[in-house]
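Protein chains: 2
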Amino acid sequence: MFNPLKRALLGALLPSVQAPHERLTKLTGLAVLSSDALSSVAYATDAMLAVLVPAGLLAVGATRPLAFLVAALLVIVTFSYRQTIHAYPHGGGAYIVAKDNLGIVPGLVAATALLIDYVLTVSVSVAAGVAAVVSAAPGVSGYRVTLAVMFIALIAWGNLRGVRESGRMFAIPTYVFIVSVGVLLVVAAGRAAIGHFPVSAAPPQTGVVAGVGLFVLLHAFANGCTAMTGVEAISNGIPAFEPPEADNAAKTLLIMAAILLTMFLGISLLGAALHVVPHEQETVLSQIARAVFGGRNVAYFILQTATMFILVLAANTSYADFPRLASILASDGFAPTQFTHRGDRLAFSNGIIVLTLFAIALVVIFRGSVFRLIPLYAVGVFLSFTLSQAGMVIHWRRHREPGWQLRALMNALGAIATAGVLVVFVTTKFREGAWVVIVMIPVGVWLFLAIARHYEEANRQLSLDGYEPSSERPDVMVVIVAAMNRETVEAMRYAVKRCQEVRAVHVDLDAVCAAEIRRGWARWGNGATLEVLDSPYRSFVEPVLQYVQKVEAERPNRLITVVLPEVIPHRWWQTLLHNRWSVQLRAALINRPRVTVLTTVAWPLAE
Amino acid sequence: MFNPLKRALLGALLPSVQAPHERLTKLTGLAVLSSDALSSVAYATDAMLAVLVPAGLLAVGATRPLAFLVAALLVIVTFSYRQTIHAYPHGGGAYIVAKDNLGIVPGLVAATALLIDYVLTVSVSVAAGVAAVVSAAPGVSGYRVTLAVMFIALIAWGNLRGVRESGRMFAIPTYVFIVSVGVLLVVAAGRAAIGHFPVSAAPPQTGVVAGVGLFVLLHAFANGCTAMTGVEAISNGIPAFEPPEADNAAKTLLIMAAILLTMFLGISLLGAALHVVPHEQETVLSQIARAVFGGRNVAYFILQTATMFILVLAANTSYADFPRLASILASDGFAPTQFTHRGDRLAFSNGIIVLTLFAIALVVIFRGSVFRLIPLYAVGVFLSFTLSQAGMVIHWRRHREPGWQLRALMNALGAIATAGVLVVFVTTKFREGAWVVIVMIPVGVWLFLAIARHYEEANRQLSLDGYEPSSERPDVMVVIVAAMNRETVEAMRYAVKRCQEVRAVHVDLDAVCAAEIRRGWARWGNGATLEVLDSPYRSFVEPVLQYVQKVEAERPNRLITVVLPEVIPHRWWQTLLHNRWSVQLRAALINRPRVTVLTTVAWPLAE
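Chains as they are written, first to last, in the numbering used here: chain A, 1363 to 1969; chain B, 1363 to 1969.
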């Protein structure tokens, strides 16, 4: 019943013998792997200004130095990651680098931080994409959450079908976005040069920091740093590049960083110059575009559409990263094995489903608001940045290749800078929501370790190393008799033929039925004795369980086999018309602390 | 894990040997069985006026004649039901009377109508109870739906615990309500007599019907008839009375009808005299009480509280009736057998749960509004009235006791009157919502008949009448091997010991695991051959299913036993860490159109 629907939604089954992936050139690689990083300019300036503006006009003047500080940090992180690319040419995610160099627990900390941030990337990017839509079409403002959930469902559906990372298709929105923002910046510069710049009537800003608290500045800086999320994507995706993979990836990283730097600085400085006030109903980018392009015209709508698309693409990158990391963790025994299983369409379906559920939950809880989600965001990113860079320092120290000291110094600089940002993050955004992430990380690590312990313990108990099978135990069969009918008769014949000691039991829930069974037993009981069990509390399971325990006590060296005759209706809805006692009984018996054999004799009804 | 919570909520298990019920005197019987009927005066006048008032002041003048018409109808129905009491001294519900005298389909029509109306009684009574609360405390108006759902949950919880029909406890709110309304009417009459009547400045009403459409009048009449819902309760509950049961029940019915008549006429005429305008925020009864008592004083609050309580009691009567009727239908084979099963506390838990879910759904869909629920209400009541009275006519004709003609005439009059009301109901309220009930009734009857057909067919297929067991079939055992471990080894030993032909199969989803099994097989395979099945689409179930079909084709005269080794984790959350393939495989194999034996060898983990 369910299967045709599933096939229609997901497409035909795909065989495991899959086509080899196409490799990425620098041009397509930039588009595919940088949407997460580049799209963050659509919300980072908003988040920064949202803190500064309420603190007064003077604080807005702080936008410029803060933007340059974020840019400087970006340069450090870029060069630091460029080294990771060369050291881990097969893909150096923070989990792998941290686990290799710092140990299992730091590795798991990085993994938890990454998983949390993949979920947040989906929520924040989709919320920002919806904000772009709402800015262009204020009428749909009331449907924010619905739109966001629809976007996430759409991305999840595409990924369950197994979206191939088709470079060309994904390249279009990314390049349209880059070009649109570029045009925006050039037009703004042009209009400023000829003195046609729309707004500049604000009072000249003197003494930038004067009168503004340090906390506000740090908080705004932390929010601005969300522009750096996604920078690590290229170093995770090295194997997807054309050979020489590492060189191409490293060059792409530099190009991306240059573009990101230009866009973030341009938008932040323009926002400051235009005295843009960020609010829920219209994004900073939309306000700037309206001012620079002179209203909601074609150029404006192209930019807003490209913004929405690149944000959806950014969410989509998490749909590649989360399931992949979950499957790596599962292979290492830290996460449920189900994450390693590829679905009908070769996608890691379980990871996709878990990511979707969490992302939708976040969007619903935070009512689709970027401003409310931002305090949780990027804590995980900077924690994994720090662990990854610190791991690289240890890596260089261990291998001691020529010139290792300089490389170690570069990574140490990266680690210190990102650790500093992390401290700023936690202190300024703790009460706003960062504490949730701080609490979740040890919980996640504890969970991964508990899972690993369970798998190790299960493997130990099931291992054949030095296993001596116990001597064979003959069995006692207990046949559950529910009614005097063909199914019971066949189950009794099955048992009597295969076992020396057969005991038939009936739970007396209905005097008429019990009397009927007693009457018919002489003829149909196959010579076995029948025991009718009382059930003062009308439970079916309890008396059987007690009886089985009694038999076990009487026959300690026997294997107990409980035979459950089960009538199987022809259609699914008919199962609603029959008692589910055998299901309950199975669940109760299977959980006993002794090896038990449960034999179901299934009797299918014809219609 | 779940059980202690369940015990805390529902109380200790109750043994089947229950204490015999206390019998009801006329005084307690009136309280217990008439809350449904008497409480309907809390909304019937509202429903009537809600149609008349928008049609203009003249229409309000129509209140008086309409109220008298409803009263006359009540007299007819009361005397008609009085005869049912004497004819069916063991309880004559509409289902039983209609089925006995008119046949199965009319019986099922009556049953469906009653079940629908029991659900509506809960929804309407609770909504009206909430309206009484909102009238007295307008501040809680926004929590209408929440309050209603809480009331229903509370009643359901009480019934799942097994509320004993304790006459005295239930008598208090009923009698407080009767006395309060009585005081209200007496005070109003007194104040009118001494000329202190609060409002009467309205223009004198001439030519009552002039200018008011017939449709409006019929519609108002139909709404007024909701006052008669619940009149049948006493004839259903005869066996609960002290002997002589039928006489006591008949007398109680007359007393109840007299009280109901007085209250309904009094409230309706007062409402008309005071020009009360019914609206969602305050009930008619509340407006009258405020006018007569002179504000929200002690007398007012006593009346409102009693109104709320009697409405909750009225909802509670459906919690006795619905599960009882469902269990009668189930005993007759028309409803799922689960409805006959008494829960831990001797209540028909399944019926209570189904009723609760439907009632909550209605309250949520109709946003807890009495005015929106009323159009659906009472269609079922009058349909079952009509069928029951018509059934009685046939009953008298069949038995031909002395004086049967007069009795038949009385019931015929009742049947014709209620049929007339039914026609008015359907025509005037069809578009407002009555069509839902009209559609549901044939659907319900069809469902009951389909269920009965299924049970008959299943009984036929399972019957031992003339059953000749087939000759014994030896079995082929197919052991599913998931990994090379102790559990597999024990399952193989189990199979090889008990069966001549054992086939081990492994589904190749992971090359490493398959290689390990192949390596270990010589040592641990117990001499059986191993087949490794390819699974190009990564499905576990599909290859096994195909293999079993192949074995069946090769060995048509053998019984197939599939042995499923199952590792049982120690704690419930650990089951999330293991593949549920054996569960999926069981579900797939058990649904095959041939008798199959499924043997689970359960291997419990120690921790």
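Glycine is no exception: its CB is placed at the ideal position from the N, C-alpha and C atoms.
Item: Inter-residue Cα distance where the pair is residue 1475 of chain B and residue 1370 of chain A; Value: 40 angstroms
Item: Three-state secondary structure assigned by DSSP to residue 1440 of chain A; Value: helix
Item: CB contact check: residue 1842 of chain B to chain A, cutoff 8 angstroms; Value: no
Item: Selection from B/1928, B/1916, B/1803 that minimises the alpha carbon distance to residue 1477 of chain B; Value: B/1803
Item: Minimum C-alpha distance to residue 1746 of chain B - residue among B/1916, B/1431, B/1443; Value: B/1443
Item: Buried or exposed (CB count within 10 angstroms, at least 16 for buried), residue 1504 of chain A; Value: exposed
Item: Contacts that residue 1936 of chain B makes with chain A (C-beta to C-beta distance below 7 angstroms); Value: 1816
Item: Pair within 8 angstroms by beta-carbon distance, residue 1607 of chain B and residue 1451 of chain B; Value: yes
Item: Classification of residue 1581 of chain B by the beta-carbon crowding that lies within 10 angstroms, buried from 16 upward; Value: buried
Item: Between the CA atoms of residue 1773 of chain B and residue 1395 of chain B - distance to the nearest angstrom; Value: 22 angstroms
Item: Whole alpha helix (DSSP H) elements within the stretch 1734–1811 of chain A, 4-residue minimum; Value: 1741–1761, 1766–1791
Item: Straight-line Cα distance separating residue 1412 of chain A from residue 1668 of chain A; Value: 23 angstroms
Item: Any chain B beta carbon closer than 8 angstroms to residue 1706 of chain A; Value: yes
Item: Length of the line joining the Cα atoms of residue 1575 of chain A and residue 1621 of chain A; Value: 32 angstroms
Item: Check whether residue 1892 of chain A and residue 1883 of chain A have beta carbons under 8 angstroms apart; Value: yes
Item: Within-8 angstroms CB hit, residue 1955 of chain B to chain A; Value: yes
Item: Alpha-carbon spacing of residue 1409 of chain A relative to residue 1706 of chain A, whole angstroms; Value: 41 angstroms
Item: Whole-angstrom C-beta distance between residue 1791 of chain B and residue 1584 of chain B, which should lie under 8 angstroms; Value: 6 angstroms
Item: Stretch pair the stretch 1776–1788 of chain A + the stretch 1655–1667 of chain A: three plus CB contacts closer than 8 angstroms; Value: no
Item: Own chain residues within Cβ distance below 8 angstroms of residue 1813 of chain B, not counting five before or after; Value: 1695, 1696, 1697, 1698
Item: Between the CA atoms of residue 1518 of chain B and residue 1686 of chain B - distance to the nearest angstrom; Value: 15 angstroms
Item: Cβ of residue 1833 of chain A within 8 angstroms of any chain B Cβ; Value: no
Item: Among B/1515, B/1617, B/1638, B/1502, nearest to residue 1416 of chain B - alpha-carbon criterion; Value: B/1638
Item: Coarse secondary structure for residue 1837 of chain A, derived from DSSP in three states; Value: strand
Item: Beta carbon of residue 1592 of chain B nearer than 8 angstroms to that of residue 1473 of chain B; Value: no
Item: Per-residue DSSP class, three states only, for residue 1566 of chain B; Value: Because the pLDDT at residue 1566 of chain B is just 43, under 50, the model does not fix this residue reliably, and the point stays unresolved.
Item: Proximity below 8 angstroms, CB of residue 1404 of chain B to CB of residue 1645 of chain B; Value: yes
Item: Every unbroken beta strand (DSSP E) inside the stretch 1596–1648 of chain B [3 residues or more]; Value: none
Item: Rounded straight-line distance, which links the Cα of residue 1690 of chain A to that of residue 1816 of chain A; Value: 18 angstroms
Item: Residue 1394 of chain A, DSSP secondary structure in three states; Value: helix
Item: Secondary structure, beta strand (DSSP E): runs of 3+ residues fully inside the stretch 1899–1956 of chain B; Value: 1921–1930
Item: Endpoints, alpha helix (DSSP H) assigned at residue 1868 of chain B; Value: Unbroken run through residue 1868 of chain B is the beta strand (DSSP E), 1863–1870; no alpha helix (DSSP H).
Item: CB contact check: residue 1846 of chain B to chain A, cutoff 8 angstroms; Value: yes
Item: Inter-residue spacing [alpha-carbon to alpha-carbon] between residue 1406 of chain A and residue 1497 of chain A; Value: 16 angstroms
Item: Sub-8 angstroms separation of residue 1397 of chain A and residue 1676 of chain A beta-carbons; Value: yes
Item: Residue 1480 of chain B versus residue 1943 of chain A - alpha carbon distance; Value: 29 angstroms
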